[in-house]
Amino acid sequence: MLDAEIIRGPISGVPGARLEILEVFSEIESTNSYLLDKPAPPPGRFRVALADYQTAGRGRMNRTWQSPPSSGLCLSIAYTFRRVSAPLPGLTLALGVGVVDALQQFGIDGISLKWPNDIIANGGKLGGILTEARHGVSESVTVVAGIGLNVELPDAMQALDESPLTNKIVDLKQCTKNLPSREKLSVAVIESLFDYIVRFESEGFATIRDDWQKYDWLFGRQIAVTGHDGHYSGIANGVDDDGALIIRTDAGRQRVINGTVTFLDNPDTSA
Ligand code: BTN
0 MLDAEIIRGP
10 ISGVPGARLE
20 ILEVFSEIES
30 TNSYLLDKPA
40 PPPGRFRVAL
50 ADYQTAGRGR
60 MNRTWQSPPS
70 SGLCLSIAYT
80 FRRVSAPLPG
90 LTLALGVGVV
100 DALQQFGIDG
110 ISLKWPNDII
120 ANGGKLGGIL
130 TEARHGVSES
140 VTVVAGIGLN
150 VELPDAMQAL
160 DESPLTNKIV
170 DLKQCTKNLP
180 SREKLSVAVI
190 ESLFDYIVRF
200 ESEGFATIRD
210 DWQKYDWLFG
220 RQIAVTGHDG
230 HYSGIANGVD
240 DDGALIIRTD
250 AGRQRVINGT
260 VTFLDNPDTS
270 A
């Protein structure tokens with residue numbers, strides 16, 4: 000079971016602490032659902048929920064997120080923006096960079112990001128991000144950002160991947176000889192995400208874009224993308240300042256702000 004005090008201590012100890020409340024559950028339906036049901040934190044303050052086990056963990060596009068007890072990080076952060084000046088999809092990308100930064104603090108390199116929300120290692124899915132928003136009074140928006148990260152999965156889990164995004168599940172144990180405790184990982188990830196949320200609030204995604212592109216797993220691949228406004232196939236060509244995926248198609252350059260990717264070049268890693 001996660002030790003709440005080991006996580007809470009360092010985070011609340013930060014001068015000018017931005018933490019409103021951090022709760023750790025042994026079991027909960029979904030940390031995202033929990034925070035979405037709670038009153039919004041005041042602007043500028045964070046509310047955090049972690050769980051050892053989620054009975055109904057959710058992923059993007061109504062998928063499930065499966066993480067057996069004590070095998071991963073399941074955490075969500077709620078934050079209220081007074082107003083959001085940049086398109087929100089860019090926040091998910093910014094948070095991906097935040098997770099990569101946090102893992103690098105433990106010497107865990109070689110992590111990639113697959114637009115829009117997958118965290119990739121060794122060609123498989125290490126984790127994912129689910130960002131959900133609730134519009135509040137006037138221009139304020141409360142965002143709940145949920146991170147699921149596989150830390151040490153039981154072997155049987157390899158068969159449980161319901162995600163069509165990659166057909167391989169990876170855990171952090173495969174990425175490092177010095178696996179940090181889930182508490183240490185939680186502290187690093189939460190602090191890094193706080194920083195990226197605040198940075199996104201003041202600067203948008205544009206200044207984070209170059210960093211995101213260093214980890215872009217799709218770049219140069221032949222893909223197909225289904226977005227709200229159509230279906231495109233072509234070569235993935237990075238993202239723009241809003242966090243939209245750029246695709247070079249026969250008909251020219253297309254941008255997709257929200258969509259699902261499928262691979263065309265390698266059916267074994269089909270999305
Ligand atoms: C995805 O890959 O589609 C996103 C997965 C996000 C999973 C996390 S675990 C913590 C939080 N609570 C949830 O129900 N989902 C997110």
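One point on numbering: in numbering that gives the first Met the number 0, the residue at position 188 of the sequence shown is 187, and numbering is uninterrupted. Note that CB positions come from ideal geometry on N, CA and C, so glycine has one too. Predicted model only: the values in this text are computed from it and were never measured.
beta-carbon residue i near the ligand BTN non-hydrogen atom, thresh 7 Å
{"i": "residue 53", "result": "yes"}
{"i": "residue 123", "result": "no"}
{"i": "residue 149", "result": "no"}
{"i": "residue 117", "result": "yes"}
{"i": "residue 58", "result": "yes"}
{"i": "residue 74", "result": "yes"}
{"i": "residue 32", "result": "yes"}
{"i": "residue 29", "result": "yes"}
{"i": "residue 129", "result": "yes"}
{"i": "residue 145", "result": "yes"}
{"i": "residue 254", "result": "no"}
{"i": "residue 62", "result": "yes"}
Boundaries of the alpha helix (DSSP H) in which residue i is found, first to last residue
{"i": "residue 213", "result": "208-213"}
{"i": "residue 239", "result": "Note, residue 239: premise wrong, no alpha helix (DSSP H); not H, not E."}
{"i": "residue 184", "result": "181-202"}
Simplified DSSP state of residue i, which is helix, strand or coil
{"i": "residue 5", "result": "helix"}
{"i": "residue 95", "result": "helix"}
{"i": "residue 162", "result": "Bear in mind that the predicted position of residue 162 carries a pLDDT of just 48, short of 50, making it unreliable; the figure below should be weighed with that in mind. The answer is coil: DSSP assigns residue 162 none of H, G, I, E or B."}
{"i": "residue 254", "result": "strand"}
{"i": "residue 136", "result": "coil"}
{"i": "residue 170", "result": "coil"}
{"i": "residue 10", "result": "helix"}
{"i": "residue 117", "result": "strand"}
{"i": "residue 263", "result": "coil"}
{"i": "residue 217", "result": "coil"}
{"i": "residue 102", "result": "helix"}
{"i": "residue 269", "result": "Caution is warranted here: a pLDDT of 39 is assigned to residue 269, below 50, making its placement in the model unreliable, and the coordinate value is therefore given only provisionally. Looking at residue 269 - three-state DSSP - the assignment turns out to be coil, as it is neither helix nor strand."}
{"i": "residue 0", "result": "coil"}
Where the beta strand (DSSP E) containing residue i begins and where it ends
{"i": "residue 45", "result": "45-50"}
{"i": "residue 223", "result": "221-226"}
{"i": "residue 23", "result": "18-24"}
{"i": "residue 244", "result": "244-248"}
Residues bridged to residue i [DSSP beta-bridge criterion]
{"i": "residue 87", "result": "The partner list for residue 87 (beta bridge, DSSP) is empty, contrary to what the question assumes."}
{"i": "residue 32", "result": "None, per the DSSP bridge assignment."}
{"i": "residue 143", "result": "77 and 131"}
{"i": "residue 63", "result": "57"}
{"i": "residue 27", "result": "53"}
{"i": "residue 122", "result": "Looking at the DSSP assignment, residue 122 forms no beta bridge with any residue, so it has no partner."}
{"i": "residue 112", "result": "118 and 215"}
{"i": "residue 232", "result": "223"}
{"i": "residue 149", "result": "71"}
Assumed close pair residue i, residue j - CB separation to whole angstroms, cut-off 8 Å
{"i": "residue 91", "j": "residue 116", "result": "5 Å"}
{"i": "residue 75", "j": "residue 57", "result": "That pair is no contact at about 10 Å."}
{"i": "residue 94", "j": "residue 192", "result": "6 Å"}
{"i": "residue 254", "j": "residue 239", "result": "6 Å"}
{"i": "residue 124", "j": "residue 216", "result": "Their Cβ separation, rounded to whole angstroms, is 11 Å, which puts residue 124 and residue 216 out of contact at 8 Å."}
{"i": "residue 64", "j": "residue 127", "result": "7 Å"}
{"i": "residue 171", "j": "residue 107", "result": "7 Å"}
{"i": "residue 27", "j": "residue 3", "result": "Going by Cβ atoms, the distance from residue 27 to residue 3 rounds to 13 Å, so no, they are not a contact pair."}
{"i": "residue 188", "j": "residue 224", "result": "The Cβ separation is near 28 Å, so there is no contact."}
{"i": "residue 72", "j": "residue 184", "result": "6 Å"}
{"i": "residue 279", "j": "residue 198", "result": "No information on residue 279 is available, as it lies outside the stretch 0 to 270 that the chain covers here."}
{"i": "residue 156", "j": "residue 67", "result": "6 Å"}
{"i": "residue 77", "j": "residue 143", "result": "5 Å"}
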